[in-house]
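Trainee:
There are 4 protein chains.
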Amino acid sequence: MSHNSFGHLFRVTTWGESHGPAIGCVVDGCPPGLPLAEADIQPFLDARRPGTSRHVTQRRELDAVRILSGVFEGRTTGTPIALEIGNKDQRSKDYGEIARSFRPGHADIAYHLKYGVRDYRGGGRSSARETAMRVAAGAIARRVIGPGVTIRGALVQIGADRVDRARWDWEETRRNPFWCPDAATAARWEDLLNATRKAGSSLGAVIELVAEGVPPGLGAPLYGKLDAEIAAALMGINAVKGVEIGDGFAAASLAGEENADEMRMRQDGTVEFLANHAGGVLGGISTGQPIVARFAVKPTSSILTPRRAVTVEGEETELRTVGRHDPCVGIRAVPVGEAMLACVLADHLLRHRAQNPDAPGQPRLPRENA
Amino acid sequence: MSHNSFGHLFRVTTWGESHGPAIGCVVDGCPPGLPLAEADIQPFLDARRPGTSRHVTQRRELDAVRILSGVFEGRTTGTPIALEIGNKDQRSKDYGEIARSFRPGHADIAYHLKYGVRDYRGGGRSSARETAMRVAAGAIARRVIGPGVTIRGALVQIGADRVDRARWDWEETRRNPFWCPDAATAARWEDLLNATRKAGSSLGAVIELVAEGVPPGLGAPLYGKLDAEIAAALMGINAVKGVEIGDGFAAASLAGEENADEMRMRQDGTVEFLANHAGGVLGGISTGQPIVARFAVKPTSSILTPRRAVTVEGEETELRTVGRHDPCVGIRAVPVGEAMLACVLADHLLRHRAQNPDAPGQPRLPRENA
Amino acid sequence: MSHNSFGHLFRVTTWGESHGPAIGCVVDGCPPGLPLAEADIQPFLDARRPGTSRHVTQRRELDAVRILSGVFEGRTTGTPIALEIGNKDQRSKDYGEIARSFRPGHADIAYHLKYGVRDYRGGGRSSARETAMRVAAGAIARRVIGPGVTIRGALVQIGADRVDRARWDWEETRRNPFWCPDAATAARWEDLLNATRKAGSSLGAVIELVAEGVPPGLGAPLYGKLDAEIAAALMGINAVKGVEIGDGFAAASLAGEENADEMRMRQDGTVEFLANHAGGVLGGISTGQPIVARFAVKPTSSILTPRRAVTVEGEETELRTVGRHDPCVGIRAVPVGEAMLACVLADHLLRHRAQNPDAPGQPRLPRENA
Amino acid sequence: MSHNSFGHLFRVTTWGESHGPAIGCVVDGCPPGLPLAEADIQPFLDARRPGTSRHVTQRRELDAVRILSGVFEGRTTGTPIALEIGNKDQRSKDYGEIARSFRPGHADIAYHLKYGVRDYRGGGRSSARETAMRVAAGAIARRVIGPGVTIRGALVQIGADRVDRARWDWEETRRNPFWCPDAATAARWEDLLNATRKAGSSLGAVIELVAEGVPPGLGAPLYGKLDAEIAAALMGINAVKGVEIGDGFAAASLAGEENADEMRMRQDGTVEFLANHAGGVLGGISTGQPIVARFAVKPTSSILTPRRAVTVEGEETELRTVGRHDPCVGIRAVPVGEAMLACVLADHLLRHRAQNPDAPGQPRLPRENA
């Protein structure tokens with residue numbers, strides 16, 4: 000049991016604090032013989048990197064990843080892959096207030112209550128900086144899953160403003176700084192975030208992830224369920240407060256006949272589902288339909304507005320957070336969510352393969368008994 | 000790694016199919032010396048038991064639990080506790096259609112695609128019957144947690160009809176067959192479910208869980224987060240499609256200053272939070288505030304309305320499910336959700352204790368460094 | 000983390016005390032579609048069963064195993080397999096002395112010191128009775144491994160009397176009550192054990208296990224080593240105090256050129272090792288040679304000779320164990336050792352398959368990179 | 000499940016190859032508030048370091064460890080501790096023969112058969128270099144265990160030459176380059192190893208570990224046994240082929256009355272054992288007596304004597320290993336064995352504490368039920 004690892008057969012352990020000398024992770028269980036180089040990981044880190052638009056924290060980090068083990072002559076060897084990123088832009092400053100006080104809505108006080116000690120510099124271990132390693136691990140997970148599976152994420156809501164789904168265009172997510180799949184919405188968000196930043200406030204967000212091409216059979220009853228582990232992976236991202244699979248909470252309002260996805264057969268003998276309310280998972284197992292998951296990110300607690308707080312010594316105080324921070328941390332959560340989903344899928348792919356040497360690629364019927 | 004276990008130090012492994020000779024579980028890691036008898040578990044099973052109102056499945060099971068190991072002279076011994084419940088009311092019938100066809104929205108097809116074989120009788124392993132063992136394990140978890148922690152659940156929504164929170168009364172949840180905390184809403188639901196059952200349809204639901212008295216410090220960064228593991232536990236319950244902690248998805252619409260729970264000091268030197276948007280968890284660690292979680296249950300896929308489906312042989316068919324079934328499985332999910340939350344808390348209590356021999360009981364400041 | 004489970008992908012959890020109503024286990028991770036019935040398990044239990052010769056405990060148990068889940072129409076379904084054996088011959092007696100005193104060399108006092116409570120009836124959880132479930136799980140493990148792998152055990156030493164290896168005959172192990180591979184030695188042991196039993200004493204033993212046909216590639220660097228997990232599995236059997244792989248402790252006395260197994264190529268392109276000092280494992284990974292392991296079992300602590308002991312109340316006493324007991328528990332450890340080795344191999348086979356979909360069957364060179 | 004991790008609550012994951020840029024580990028689960036600096040770890044690394052006498056490999060490494068996370072202002076924070084050591088002395092050379100051939104008795108061929116690819120430079124992942132990280136983790140484990148527990152190791156046999164136990168002096172282990180507890184034996188070994196090195200050969204060894212002051216109650220039935228996990232930890236060290244607890248294999252030759260350690264009460268109400276054949280463990284649980292374990296290390300396979308081998312291409316060849324190597328790797332295994340034992344004890348201490356908040360410090364009777 001590790002509090003800093005996730006996955007079972009594709010297993011990632013991360014370490015590091017925001018203002019320590021470096022952050023890193025160990026990826027254990029990656030199959031041998033896969034081509035892998037730093038250049039395969041770096042683009043995903045660049046996409047997550049802070050400082051890339053004025054809507055995210057202005058911390059400047061190159062986030063250049065180094066592979067320290069597990070790769071030989073350009074291929075994975077089956078031994079653990081260690082990744083490391085140096086911390087460069089740890090602004091030297093007086094941490095007096097943050098060291099002594101607990102920001103409302105921040106993990107500060109929880110760490111203090113649990114451990115009695117915390118590295119308060121830049122949020123320490125609870126900093127979103129750690130998510131860089133998740134993104135790096137996710138890049139390796141994509142290698143394991145292979146090119147047949149496409150994992151994409153989009154921001155579908157900032158504050159109360161939702162994207163127009165009728166205008167959904169995946170290509171658009173790469174053209175605006177919000178991963179927004181709709182240009183018109185992106186334009187509104189530009190204004191919304193500018194106003195929020197000026198007001199010294201912050202906003203929450205909702206991210207939607209879609210994985211296409213996932214083979215059926217991943218996951219398992221009853222506690223190794225694919226959807227349960229996706230839920231844990233997404234809820235474990237900083238600031239996340241809700242997770243949905245498929246229709247999610249909206250499914251509660253549906254009648255049984257609306258919710259159950261009907262099926263028919265395609266000409267080629269594969270099963271076609273006529274809808275995807277289930278979000279690609281039934282009974283904890285993938286069906287071959289696209290996996291659809293959403294998660295909600297709360298607004299950053301580090302804001303300029305003064306808030307009532309308490310100190311380490313048990314005194315009452317007022318606190319406002321000055322410095323570089325994201326007005327909407329949800330934006331940078333998009334590549335992190337993609338990476339977590341990739342890691343869960345890679346893990347379950349290996350787990351499925353262990354029990355089913357001839358794991359099927361498509362939901363084709365009938366399937367012979369072993 | 001077990002696909003049929005949950006928890007780490009308080010670890011539950013369940014087994015059994017709906018129509019096999021019995022279902023059971025093994026609870027490993029229960030501390031020694033705790034008083035425990037079958038009578039401590041049975042009331043929770045009785046509350047979950049089918050056949051108790053016309054709004055749940057009419058299967059008749061006494062669900063009499065037997066303790067087969069791990070208890071000696073009325074006390075736990077620290078060795079694994081085996082629990083078992085015999086299956087009595089497995090109506091002998093022709094399973095022809097269910098054996099040959101896949102119900103839309105049901106785990107049938109996923110099991111088939113993964114394993115190529117399934118016990119189709121009564122849903123086999125995917126039957127809600129298995130949740131009896133979760134409830135039994137939850138009763139032991141409550142013993143581990145101790146009487147200082149209160150874990151309660153309520154149904155807050157059936158279909159699109161939500162409870163009136165202004166009229167919330169925990170006592171009321173014991174007076175109606177819906178675990179509804181508001182008598183007026185319960186009356187409406189009575190009519191709603193009658194109509195639904197007559198129409199041969201089904202409805203989804205939302206359950207809210209509240210755990211009060213949870214000590215601060217349970218959970219951990221970053222992948223052993225309390226909220227992440229609650230999310231996995233609840234998403235792993237049959238038919239669940241969404242999970243929220245605290246404000247959940249609504250947090251996305253809040254501004255930072257609305258969402259961050261302010262703090263002040265009480266006279267007795269403990270921290271008081273002025274709100275609980277966080278649902279009792281910050282940075283994956285409990286703060287001492289009530290833990291609040293919600294989960295959404297989709298409508299049962301077993302309905303009378305005919306639906307397009309496919310067969311094991313790959314032929315198209317129409318399917319309607321005749322027989323005893325819940326018009327709203329969400330009702331019976333309330334004690335199951337409570338039990339899962341109890342198990343997660345028991346597990347984290349033991350985990351916290353391992354690292355912190357003097358685990359604090361209340362969020363009192365200052366806490367001395369070890 | 001479970002203290003009562005072993006294996007990762009082929010995972011066995013046992014429960015039960017010597018004099019409780021039953022003992023049982025849950026086997027999780029068994030691949031689907033394998034033919035399995037109680038008749039596949041029972042013969043292994045019969046071989047281990049007490050009361051079969053005067054050299055083992057005279058407790059009379061039919062040890063009839065029941066499969067309670069995970070098998071449907073004669074095939075495994077991929078869901079957990081629950082096995083159970085009722086306890087019949089729990090002689091009702093006065094446990095006064097055993098309840099109050101700690102037998103020298105017995106787990107009694109350790110349980111007391113750890114838990115403060117113990118089920119003293121028949122040794123409770125520490126009774127060799129639990130090993131019946133290991134044997135049952137081992138029968139399923141053999142199904143997973145398949146008929147190409149042969150796992151056999153033999154008793155090679157009782158007390159200081161060792162078997163004559165020049166006369167080794169596997170068939171002979173089935174003809175005498177000692178699993179002795181040499182008839183002449185078996186005859187000596189008959190006399191030795193009669194004398195030991197009459198003297199109210201007991202003797203230790205050494206068991207050797209050989210697994211032939213194991214494919215290369217099972218195991219892994221560095222902490223999932225095949226030999227390390229075999230060592231844990233064997234050391235975890237009751238009363239075991241030592242474990243060896245291949246030459247074991249004798250390897251310490253060899254020169255490097257004696258110990259290193261030379262290789263050449265066979266006509267068919269496979270590697271032939273010219274010796275097997277390594278016992279089939281190099282760097283924690285199987286090489287395709289026979290796996291050879293040995294373990295030492297201490298003499299039973301339950302003897303007629305009076306011994307100085309202490310009581311629960313902290314008083315000094317003298318203790319002698321009256322009742323049915325094995326003069327040499329090592330005899331019954333042979334099928335238990337075989338079963339544990341089978342479980343470890345099944346687990347590693349699944350683990351290997353997860354990372355290597357085209358796991359090779361024979362040490363043939365060259366192997367193409369994936 | 001990680002193939003490169005060990006421990007459960009005190010969990011160590013190592014990474015790195017002999018000739019990569021660095022090696023490292025992540026220690027997860029270390030309790031917060033413990034004083035820790037690089038200076039607490041370095042002395043243990045210095046003791047293990049190669050190049051310190053002519054009897055061990057002449058590779059020159061400073062082995063300067065860096066703490067990259069998990070420590071703040073000189074104290075552990077409860078977050079993962081990352082340690083790293085740079086590789087300096089990776090002699091650039093032609094690896095042609097080692098790259099193309101498999102050394103007899105070496106892990107080379109096993110890696111090839113499993114993975115189809117391997118980092119052959121300096122042994123890659125199978126190099127003894129990795130054990131530096133175990134030693135570093137062991138230093139942290141000692142912090143967790145506390146100063147009341149003393150863990151020491153000694154070399155008790157090189158080749159067939161055993162130490163004279165009557166002359167055992169722990170102080171002497173620090174005065175000679177062999178960790179030999181007897182000066183006379185050490186003098187003989189000096190000659191023995193010089194001769195072995197000149198002959199281009201190598202020798203095996205046996206190491207004995209003793210942990211004093213271990214509290215009773217560590218470990219658990221039945222698969223989380225303290226001795227089973229010690230066995231796995233020691234068998235997992237490079238080149239180890241046998242493990243014993245207490246009397247080990249010699250216990251097989253004892254009669255029951257010889258082997259069972261008698262008990263009496265001390266004046267202060269604690270239990271005194273009159274012997275320690277059990278090596279401090281009964282039923283998988285520590286009794287408060289010294290933990291005694293031994294392990295056998297085979298002779299290095301890298302020797303000057305030509306040996307029959309095969310190549311990657313499946314051709315027969317003759318091989319001799321030229322270069323810097325240990326004539327007796329067992330020497331450097333002493334601090335590694337100590338470290339592994341420390342890690343197992345730290346892990347079990349935390350595990351015990353989880354279930355027993357008031358874990359007793361001494362085997363004092365009676366113990367009140369919880």
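Residue numbers (numbering that gives the first Met the number 0), protein chains in the order written: chain A, 0 to 369; chain B, 0 to 369; chain C, 0 to 369; chain D, 0 to 369. Think of the CB as a built atom: it goes at the ideal place given N, C-alpha and C, for glycine as much as any other residue. Here the structure is a predicted model, which means the values were calculated and not measured.
1. Do V205 (chain C) and Q156 (chain C) come within 8 Å of each other at the CB atom, strictly closer than that value?
2. Starting from G336 (chain C), follow the alpha helix (DSSP H) in both directions and report where the run begins and ends.
3. Suppose you measure from the CA of V311 (chain B) to the CA of F248 (chain B); what does that come to, to the nearest Å?
4. Alpha carbon to alpha carbon, how far is S301 (chain B) from A295 (chain A)?
5. So which residues of chain D does N237 (chain A) contact, with C-beta pairs closer than 8 Å?
6. Could you work out which residues of chain A lie near N371 (chain C), taking near to mean beta carbons separated by less than 8 Å?
7. Helix, strand or coil for P359 (chain A) per DSSP?
8. Find out if the Cβ-Cβ distance for the pair K113 (chain D), I97 (chain C) is shorter than 8 Å.
9. Alpha carbon to alpha carbon, what distance is there between V280 (chain B) and R307 (chain A)?
10. Using a Cβ distance threshold of 8 Å, determine whether the stretch 41-50 of chain D contacts the stretch 21-31 of chain D, with at least three qualifying pairs required.
11. Looking only at C-alpha atoms, which of A:V11, A:P305 and A:I84 sits nearest to L44 (chain A)?
12. What's the C-alpha gap between E16 (chain A) and H347 (chain D)?
13. Between which two residues does the beta strand (DSSP E) carrying F294 (chain A) extend?
14. So what's P146 (chain B) in DSSP terms, helix, strand or just coil?
15. Is the Cβ-Cβ distance between A227 (chain A) and V148 (chain A) less than 8 Å?
16. Taking C-beta pairs closer than 8 Å, name the residues in chain D that T78 (chain B) reaches, listed in chain order.
17. Does the beta carbon of D118 (chain B) come closer than 8 Å to any beta carbon on chain C?
18. Kindly indicate which residue of B:R161, B:N193 and B:L154 has the alpha-carbon position closest to the one of R331 (chain B).
19. With a 10 Å radius around its C-beta and 16 neighbouring C-beta atoms as the bar for buried, classify W188 (chain B) as buried or exposed.
20. Which value, in whole angstroms, describes the spacing of the CA atoms of V143 (chain C) and T320 (chain C)?
21. Does P20 (chain D) get closer than 8 Å to chain A when you measure Cβ to Cβ?
22. Which residues in the same chain have their Cβ closer than 6 Å to the Cβ of A238 (chain A), if we skip the five residues on either side of it in sequence?
23. According to the Cβ coordinates, are A250 (chain C) and G152 (chain D) closer than 8 Å?
24. From M264 (chain D) to R10 (chain A), what distance separates their C-alpha atoms?
25. Find the nearest neighbour of N3 (chain C) within the set C:G199, C:E207 and C:R133, judged by alpha-carbon distance.
26. Would L8 (chain D) count as contacting chain A if we go by Cβ distances under 8 Å?
27. So which of B:M339, B:T299, B:E337 and B:A345 has the shortest CA-CA distance to H54 (chain B)?
28. Please determine, among B:A106, B:T269 and B:A63, the residue with the shortest C-alpha to C-alpha distance to A131 (chain B).
29. Based on the DSSP output, what are the partners of M264 (chain B) in its beta bridges?
30. When the Cα of R102 (chain D) is compared with those of D:I139, D:G158 and D:E317, which residue comes out closest?
31. Using a beta-carbon distance below 8 Å, is T184 (chain D) in contact with chain C?
32. State the DSSP-derived secondary structure class of E37 (chain D), mapped to helix, strand or coil.
33. Per DSSP, what are the beta-bridge partners of C24 (chain C) in this structure?
34. Looking at the C-beta of L253 (chain B), does it have a partner C-beta in chain D at a distance below 8 Å?
35. Between which two residues does the alpha helix (DSSP H) holding E72 (chain B) run?
36. Kindly indicate which three-state DSSP category T172 (chain C) falls into: helix, strand or coil?
Mentor: So, from the listed chains and residues:
1. yes
2. A332 to Q354
3. 39 Å
4. 31 Å
5. Simply none; closest approach about 14 Å.
6. Residue 371 (chain C) lies beyond the range of chain C shown here (0 to 369); nothing can be said about it.
7. With a pLDDT of only 47 at P359 (chain A), under the threshold of 50, the placement of this residue in the model should not be trusted; the figure read from the coordinates follows. In the structure shown, P359 (chain A) sits in coil (DSSP, three-state: anything other than H, G, I, E or B).
8. no
9. 19 Å
10. no
11. A:I84
12. 28 Å
13. I290 to V296
14. coil
15. no
16. P220
17. yes
18. B:L154
19. buried
20. 41 Å
21. yes
22. V296, K297 and V328
23. no
24. 50 Å
25. C:R133
26. yes
27. B:T299
28. B:A63
29. B:V270
30. D:E317
31. no
32. helix
33. C:T13 and C:L82
34. no
35. Neither: E72 (chain B) is in no alpha helix (DSSP H) and is coded neither H nor E.
36. helix
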